[in-house]
Amino acid sequence: MSELQLKDLYDGFRDPDVIKALAKTITDETKNLKETLNIMEVCGGHTHTIMKYGLKQLLPHNIDFIHGPGCPVCIMPKERIDHAIALAQMEDTILLTLGDMIRVPGSKSSLAVERANGCDIRALYSPLDAIKIALENPDKKVVFFAIGFETTTPMTAALLEQVEKQGITNLYFHINHVLVPPAVDAIMADGQAKINAFIGPAHVSVISGAKIYQPLPEKYGAPVVVSGFEPIDVLQSILMIVRQKNEERCEMEIQYSRSVTLEGNIKAQEMIAKFMEPRKHFRWRGIGDIPDSALELREEYAAYDAEKIFADILPTEPIDDHKLCICGTILKGLAKPNNCQVFGTACTPNNPMGSCMVSAEGACNAYYRYGEI
Amino acid sequence: MTSPKQIQLSHGGGGEETNSLIHDLFYHYFSNDTLLAAEDAAVLEVKKKIAFTTDSFTVSPIFFNGGNIGKLAIAGTVNDLAMMGAKPLYLSASFMIEEGFSFDDLKTIVKAMAEELKHSGAKIVCGDTKVVPKGAVDKLFINTSGIGEIEKEGISANHLQEGDIIIVSGDVGRHGAAILMEREGLGISGDLKSDCATLWPAVQALIDANVSISAMRDATRGGLSAVLNEWAEQSAVCLEIKESNIPVDQAVQGICELFGFEAFDFANEGTFILSVPEKDAQMALAALHTVEVTKKATMIGQVSRKKEGRVILHSAYGSSRYLDLPKGELLPRIC
Ligand code: SF4
Ligand code: SF4
Numbered sequence: 001m002s003e004l005q006l007k008d009l010y011d012g013f014r015d016p017d018v019i020k021a022l023a024k025t026i027t028d029e030t031k032n033l034k035e036t037l038n039i040m041e042v043c044g045g046h047t048h049t050i051m052k053y054g055l056k057q058l059l060p061h062n063i064d065f066i067h068g069p070g071c072p073v074c075i076m077p078k079e080r081i082d083h084a085i086a087l088a089q090m091e092d093t094i095l096l097t098l099g100d101m102i103r104v105p106g107s108k109s110s111l112a113v114e115r116a117n118g119c120d121i122r123a124l125y126s127p128l129d130a131i132k133i134a135l136e137n138p139d140k141k142v143v144f145f146a147i148g149f150e151t152t153t154p155m156t157a158a159l160l161e162q163v164e165k166q167g168i169t170n171l172y173f174h175i176n177h178v179l180v181p182p183a184v185d186a187i188m189a190d191g192q193a194k195i196n197a198f199i200g201p202a203h204v205s206v207i208s209g210a211k212i213y214q215p216l217p218e219k220y221g222a223p224v225v226v227s228g229f230e231p232i233d234v235l236q237s238i239l240m241i242v243r244q245k246n247e248e249r250c251e252m253e254i255q256y257s258r259s260v261t262l263e264g265n266i267k268a269q270e271m272i273a274k275f276m277e278p279r280k281h282f283r284w285r286g287i288g289d290i291p292d293s294a295l296e297l298r299e300e301y302a303a304y305d306a307e308k309i310f311a312d313i314l315p316t317e318p319i320d321d322h323k324l325c326i327c328g329t330i331l332k333g334l335a336k337p338n339n340c341q342v343f344g345t346a347c348t349p350n351n352p353m354g355s356c357m358v359s360a361e362g363a364c365n366a367y368y369r370y371g372e373i
Numbered sequence: 001m002t003s004p005k006q007i008q009l010s011h012g013g014g015g016e017e018t019n020s021l022i023h024d025l026f027y028h029y030f031s032n033d034t035l036l037a038a039e040d041a042a043v044l045e046v047k048k049k050i051a052f053t054t055d056s057f058t059v060s061p062i063f064f065n066g067g068n069i070g071k072l073a074i075a076g077t078v079n080d081l082a083m084m085g086a087k088p089l090y091l092s093a094s095f096m097i098e099e100g101f102s103f104d105d106l107k108t109i110v111k112a113m114a115e116e117l118k119h120s121g122a123k124i125v126c127g128d129t130k131v132v133p134k135g136a137v138d139k140l141f142i143n144t145s146g147i148g149e150i151e152k153e154g155i156s157a158n159h160l161q162e163g164d165i166i167i168v169s170g171d172v173g174r175h176g177a178a179i180l181m182e183r184e185g186l187g188i189s190g191d192l193k194s195d196c197a198t199l200w201p202a203v204q205a206l207i208d209a210n211v212s213i214s215a216m217r218d219a220t221r222g223g224l225s226a227v228l229n230e231w232a233e234q235s236a237v238c239l240e241i242k243e244s245n246i247p248v249d250q251a252v253q254g255i256c257e258l259f260g261f262e263a264f265d266f267a268n269e270g271t272f273i274l275s276v277p278e279k280d281a282q283m284a285l286a287a288l289h290t291v292e293v294t295k296k297a298t299m300i301g302q303v304s305r306k307k308e309g310r311v312i313l314h315s316a317y318g319s320s321r322y323l324d325l326p327k328g329e330l331l332p333r334i335c
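Protein chains in written order, with UniProt numbering: chain U, 1 to 373; chain D, 1 to 335.
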């Protein structure tokens with residue numbers, strides 16, 4: 001990738017004058033709003049943008065943000081992390097995963113602690129690196145602990161495709177891919193959260209298409225704008241929501257039209273469908289079981305499925321969070337991080353009690369790092 | 001001596017091979033009277049108060065764009081002295097070499113060390129070599145210790161004063177980003193180079209210009225964020241930084257966007273931060289601009305009392321947030 005393209009990633013989407021102008025327009029146009037706008041940003045990436053760029057400070061008081069369940073690290077229940085640990089502890093095994101997953105506490109330990117104890121645990125930059133590691137270590141079992149929403153799932157599917165093509169026999173998959181729409185439904189069905197608009201994660205829709213959000217406005221009377229992650233993207237999305245409210249419209253709109261379409265990436269969707277299907281039950285940390293909210297390997301690929309092959313060593317008991325941790329309530333949109341008793345005291349990024357404090361996309365982490373000044 | 005291709009255990013055994021390694025390689029490149037005297041300990045002469053420091057270098061990969069472990073081992077230790085206002089004089093260098101390490105690579109590294117020493121005039125006056133069985137170290141570790149004479153006293157992380165101007169000597173995050181690129185084989189941005197460099201000439205320019213210096217520190221591991229947070233805490237002040245003033249290379253920024261990192265958290269090996277009284281700020285900048293490696297030095301903020309112990313980053317569009325300490329290990333975001 002050339003530098004020019006790298007620059008294109010962010011250039012132009014942080015222009016101070018545009019940001020100021022957008023903030024002013026939003027402030028002007030919210031004057032007529034009848035009720036406070038409680039916007040849920042489904043995705044942790046947006047929480048991060050809002051906090052990191054201090055966007056809330058630029059906006060009027062009748063716009064509030066409610067942080068959603070959209071971070072694959074935050075929503076991983078402890079028993080799944082215990083799975084990863086049990087797999088990593090097997091003899092002659094290399095456990096691979098992505099990013100912050102390494103630090104999330106399980107019931108007794110974390111992958112970072114196990115790595116320090118001598119387990120071979122590696123954080124990948126790209127899932128496809130798993131191929132190289134499996135080929136270089138033919139006498140070892142290599143287990144990929146796959147995580148992420150719709151965004152990262154195609155990478156896992158691409159990896160599976162390669163494994164099949166190249167006839168690799170020592171690479172196994174522990175699938176923890178989760179889906180955004182069922183989680184949003186679960187939160188709304190609960191009825192407690194006072195959400196009257198959504199910002200939908202564009203990354204997810206690049207793959208799945210904006211169509212996955214289409215039912216929301218009608219079902220819950222709340223507009224959805226599919227938004228990019230730069231400060232200007234988020235502000236523009238908020239303005240689109242404000243305008244919908246003022247014009248008494250309630251629709252799904254796409255702000256991030258630079259790469260989101262209604263249909264999404266059909267090829268990626270097909271590849272995912274080839275290898276994976278919805279799993280009946282998946283427990284979300286703090287929220288509980290949400291049916292059909294995650295994926296698992298299809299029966300035909302059982303030979304790659306770490307959950308099946310190593311089933312006898314994987315703990316099955318659900319394990320709840322620490323009593324003081326209110327991650328669940330935060331993920332349901334009913335509390336803010338600073339409502340938690342131990343926020344910033346017993347629970348900090350270096351010593352997290354809950355996963356919302358671990359991931360850079362977690363709400364507690366964003367509040368701790370960037371604060372509200 | 002016909003050079004062997006690889007370092008063998010016998011090179012550390014104390015016999016003939018060790019001898020030839022020391023004479024033909026280390027003495028040849030680090031040559032100076034104190035070292036060549038080959039006594040059990042170096043006899044040194046110092047006239048003023050001294051600063052003394054040590055560091056071990058275990059960087060992987062050992063060769064990276066903009067330098068190698070040897071250059072780093074010299075620049076790192078010399079810079080630690082310079083940051084205390086001490087002119088680097090004498091260094092020790094210890095090598096822990098993995099059996100089988102390429103002799104040519106070792107030579108390249110030693111040459112780079114000799115080359116880097118020229119920028120401060122410091123000398124290597126003693127050293128040690130160990131060769132350890134394959135797997136006992138990752139290729140090559142180098143430890144360097146150094147002594148320098150203090151030319152300017154009173155520089156301390158505890159000395160920041162309200163009103164002080166914060167200056168950064170160059171763009172931030174290049175070393176960390178360059179190492180990341182090499183290590184992960186990410187193949188992006190060919191001309192992203194580590195900033196690895198000796199900073200003594202820049203410090204000398206400041207001293208010569210008689211700039212008052214409250215605090216000075218090279219922004220190594222933990223980067224700019226770590227230095228600013230340490231200062232805020234130790235001096236119980238608030239550092240208010242203008243985000244748009246912090247220079248960041250375009251390639252570094254691109255990598256940060258791609259993986260969700262912050263350039264302020266990345267390590268530097270030739271960039272330092274300076275806190276000076278407001279009246280001396282222009283003078284400090286003028287002095288820094290006379291030296292090649294700090295010619296992009298720029299003011300980034302000021303010390304206040306707004307929120308003791310914290311660093312506040314002001315955006316160009318009127319919002320502000322804390323700049324927190326980086327987390328121990330940099331991990332890319334998930335998507
Ligand atoms: S995984 Fe996707 S939806 Fe989740 S936090 Fe990251 S960008 Fe947002
Ligand atoms: S502050 Fe810590 S303990 Fe409290 S909700 Fe957040 S992660 Fe859980």
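Even for Gly, the Cβ is constructed at its ideal location relative to N, Cα and C. Keep in mind it's a predicted model, so treat the numbers as computed, not measured.
**Request:** Assuming Ala226 (chain D) contacts Asn268 (chain D) (C-beta within less than 8 Å), just tell me the rounded distance between them.
**Result:** Taking the first residue of the second sequence as 1, we reach residue 226 (chain D) at position 226. Taking the first residue of the second sequence as 1, we reach residue 268 (chain D) at position 268. Going by Cβ atoms, the distance from Ala226 (chain D) to Asn268 (chain D) rounds to 10 Å, so no, they are not a contact pair.
**Message:** Would you call the stretch 215-222 of chain U in contact with the stretch 181-198 of chain U, where contact means no fewer than 3 C-beta pairs closer than 8 Å?
**Reply:** yes
**Request:** Answer yes or no: the CB of Gly354 (chain U) versus the heavy atoms of ligand 2, is any distance below 7 Å?
**Result:** Your numbering for residue 354 (chain U) matches position 354 in the first sequence. The answer is yes for Gly354 (chain U).
**Prompt:** Taking Cβ positions only, does Gly371 (chain U) come closer than 8 Å to chain D?
**Reply:** By 1-based counting over the first sequence, the position of residue 371 (chain U) is 371. Output row for Gly371 (chain U): interface = yes.
**Asked** Which class does Gln302 (chain D) belong to by DSSP, given the choice of helix, strand or coil?
**Response** Against the second sequence, residue 302 (chain D) aligns to sequence position 302. If DSSP states are grouped into helix, strand and coil, Gln302 (chain D) belongs with the strands.
**Prompt:** Measuring CB to CB, does Ala197 (chain U) end up less than 8 Å from Ile241 (chain U)?
**Reply:** The residue you call residue 197 (chain U) lines up with position 197 of the first sequence. The residue you call residue 241 (chain U) lines up with position 241 of the first sequence. Closer than 8 Å, so yes.
**Asked** With 16 as the cutoff for other CB atoms within 10 Å, does Ile19 (chain U) come out buried or exposed?
**Response** In the first sequence, residue 19 (chain U) corresponds to position 19, counting from 1. Buried, by the Cβ-count rule.
**Request:** Measure the alpha-carbon distance for Thr30 (chain U) versus Gln244 (chain U) and round it to whole angstroms.
**Result:** In the first sequence, residue 30 (chain U) corresponds to position 30, counting from 1. In the first sequence, residue 244 (chain U) corresponds to position 244, counting from 1. Roughly 11 Å between the two C-alpha positions.
**Prompt:** Helix, strand or coil for Ala281 (chain D) per DSSP?
**Reply:** For the purposes of this step, residue 281 (chain D) is identified with residue 281 of the second sequence, where counting begins at 1. DSSP places Ala281 (chain D) in helix when its eight states are reduced to three.
**Prompt:** Would you call the stretch 198-218 of chain D and the stretch 270-288 of chain D in contact, with 3 or more CB pairs under 8 Å?
**Reply:** yes
**Span separating the alpha-carbon of Pro77 (chain U) from that of Thr316 (chain U)** = Locating residue 77 (chain U) in the first sequence gives position 77, counting from the first residue. Locating residue 316 (chain U) in the first sequence gives position 316, counting from the first residue. The alpha-carbon atoms of Pro77 (chain U) and Thr316 (chain U) are separated by roughly 12 Å.
**Prompt:** Should Trp200 (chain D) and Ser120 (chain D) be called a contact, given that it needs their Cβ atoms to be closer than 8 Å?
**Reply:** As a working mapping, residue 200 (chain D) is identified with position 200 in the second sequence. As a working mapping, residue 120 (chain D) is identified with position 120 in the second sequence. In contact: Trp200 (chain D) and Ser120 (chain D) (Cβ atoms closer than 8 Å).
**Asked** Given that Ala202 (chain D) touches chain U, what residues does it touch there, using C-beta distances under 9 Å?
**Response** As a first step, residue 202 (chain D) must be located in the second sequence, where it is residue number 202. Those within 9 Å of Ala202 (chain D) in chain U number zero; the least Cβ separation is about 28 Å.
**Prompt:** Touch check for the stretch 130-145 of chain D and the stretch 37-44 of chain D: three-plus C-beta pairs under 8 Å?
**Reply:** no
**Asked** Hey, quick one: how far does the beta strand (DSSP E) through Thr329 (chain U) stretch, first residue to last?
**Response** Within the first sequence, numbered from 1, the residue matching residue 329 (chain U) stands at position 329. Segment Cys327 to Leu331 is the alpha helix (DSSP H) holding Thr329 (chain U); no beta strand (DSSP E) there.
**Request:** Determine which residues of the stretch 298-319 of chain D have a Cβ less than 7 Å from any Cβ of chain U, and write them out in chain order.
**Result:** Ile312, Ser315, Ala316, Tyr317, Gly318 and Ser319
**Request:** Determine which residues share a DSSP beta bridge with Trp200 (chain D) and list them.
**Result:** The residue you call residue 200 (chain D) lines up with position 200 of the second sequence. Per DSSP, none; premise fails for Trp200 (chain D).
**CA nearest to the CA of Ile266 (chain U), picked from U:Pro16, U:Ala210, U:Arg80 and U:Asn350** = As a working mapping, residue 266 (chain U) is identified with position 266 in the first sequence. If we check each option's Cα against that of Ile266 (chain U), U:Ala210 comes out closest.
**Message:** I'd like the span of the beta strand (DSSP E) that includes His67 (chain U), first residue to last.
**Reply:** Here residue 67 (chain U) corresponds to residue number 67 of the first sequence, with the count starting at 1. Taken as a continuous stretch (DSSP letters only), the beta strand (DSSP E) holding His67 (chain U) covers Ile63 to Gly70.
**Request:** Can you tell me the Cβ-Cβ gap for residue 375 (chain U) and Asp92 (chain U), rounded? I've got them flagged as a contact below 8 Å.
**Result:** Nothing in the structure corresponds to residue 375 (chain U), since chain U is present only between 1 and 373.
**Prompt:** Ile85 (chain U) and Leu111 (chain U) look like a contact to me (Cβ under 8 Å); what is the Cβ gap, rounded to whole Å?
**Reply:** Mapped onto the first sequence, residue 85 (chain U) falls at position 85. Mapped onto the first sequence, residue 111 (chain U) falls at position 111. Sure, about 6 Å apart at Cβ, within 8 Å.
**Asked** Under the criterion of a Cβ to heavy atom distance below 7 Å, does residue 410 (chain U) qualify as lining ligand 2?
**Response** In this structure chain U extends from 1 to 373, so residue 410 (chain U) is not present and cannot be described.
**Request:** Starting from the C-beta of Tyr317 (chain D), find all residues in its chain whose C-beta is less than 7 Å away, skip the five residues before and the five after it, and write them out in chain order.
**Result:** Numbered from its first residue, the second sequence carries residue 317 (chain D) at position 317. The answer is none, since no qualifying residue turns up.
**Message:** Measuring only from the beta carbon, is Ile287 (chain U) closer than 7 Å to any heavy atom that is part of ligand 2?
**Reply:** The residue given as residue 287 (chain U) occupies position 287 in the first sequence. Outside the cutoff, so no.
**Message:** Taking 7 Å as the cut-off, is the C-beta of Phe343 (chain U) nearer than that to any heavy atom in ligand 2?
**Reply:** Numbered from 1 along the first sequence, position 343 holds the residue referred to as residue 343 (chain U). Phe343 (chain U): yes, Cβ under 7 Å from ligand 2.
**Request:** Compare the C-alpha of Ala236 (chain D) against each of D:Ala51, D:Leu89, D:Ile179 and D:Ser304 and name the closest.
**Result:** Within the second sequence, residue 236 (chain D) is the residue found at index 236, counting from 1. When each option's Cα is compared against that of Ala236 (chain D), the closest is D:Ser304.
**Prompt:** Is the stretch 254-265 of chain U close to the stretch 290-305 of chain U, with three or more CB pairs under 8 Å?
**Reply:** Touching, no, given that fewer than three Cβ pairs across the two stretches are closer than 8 Å.
**Item:** Integer-rounded CB distance, given that Phe264 (chain D) should sit under 8 Å from Gly173 (chain D)
**Value:** Working through the second sequence from its first residue, we reach residue 173 (chain D) at position 173. Working through the second sequence from its first residue, we reach residue 264 (chain D) at position 264. The Cβ separation is near 7 Å, so the contact holds.
**Request:** Give a single yes or no on whether residue 393 (chain U) has its beta carbon closer than 7 Å to a heavy atom of ligand 2.
**Result:** Outside the modelled stretch of chain U, which goes from 1 to 373, sits residue 393 (chain U), for which no answer is possible.
**Request:** Kindly indicate the opening and closing residues of the beta strand (DSSP E) around Val225 (chain U).
**Result:** Residue 225 (chain U) sits at position 225 when you count from the first residue of the first sequence. The continuous beta strand (DSSP E) containing Val225 (chain U) extends over residues Val224 to Ser227.
**Prompt:** If Cys43 (chain U) and Pro201 (chain U) are in contact, beta carbons under 8 Å, what's the gap, nearest whole angstrom?
**Reply:** Stepping through the first sequence from its first residue, residue 43 (chain U) is reached at position 43. Stepping through the first sequence from its first residue, residue 201 (chain U) is reached at position 201. Their Cβ separation, rounded to whole angstroms, is 3 Å, which keeps Cys43 (chain U) and Pro201 (chain U) in contact under 8 Å.
**Asked** Does the beta-carbon of Glu361 (chain U) have 16 or more other beta-carbons within 10 angstroms, so that it is buried, or is it exposed?
**Response** Within the first sequence, the letter at position 361 stands for residue 361 (chain U). Buried, since its Cβ has 16 or more Cβ neighbours within 10 Å.
**Three-way DSSP call (helix, strand, coil) for Ser315 (chain D) in this model** = Within the second sequence, residue 315 (chain D) is the residue found at index 315, counting from 1. In the structure shown, Ser315 (chain D) sits in coil (DSSP, three-state: anything other than H, G, I, E or B).
**Item:** Beta-carbon proximity check, Leu58 (chain U) vs Val143 (chain U), cutoff 8 Å
**Value:** Stepping through the first sequence from its first residue, residue 58 (chain U) is reached at position 58. Stepping through the first sequence from its first residue, residue 143 (chain U) is reached at position 143. The answer is no: Cβ separation not under 8 Å.
**Asked** Residues of chain A with CB under 9 Å from Ile232 (chain U), in chain order?
**Response** Structure shown: chain A not included; protein chains present are U and D.
**Prompt:** Should Ile66 (chain U) be listed as close to ligand 2, given that the test is whether its C-beta is under 7 Å from any heavy atom?
**Reply:** Residue numbering aside, residue 66 (chain U) sits at position 66 when the first sequence is read from its first letter. Ile66 (chain U) Cβ: outside cutoff for every heavy atom of ligand 2.
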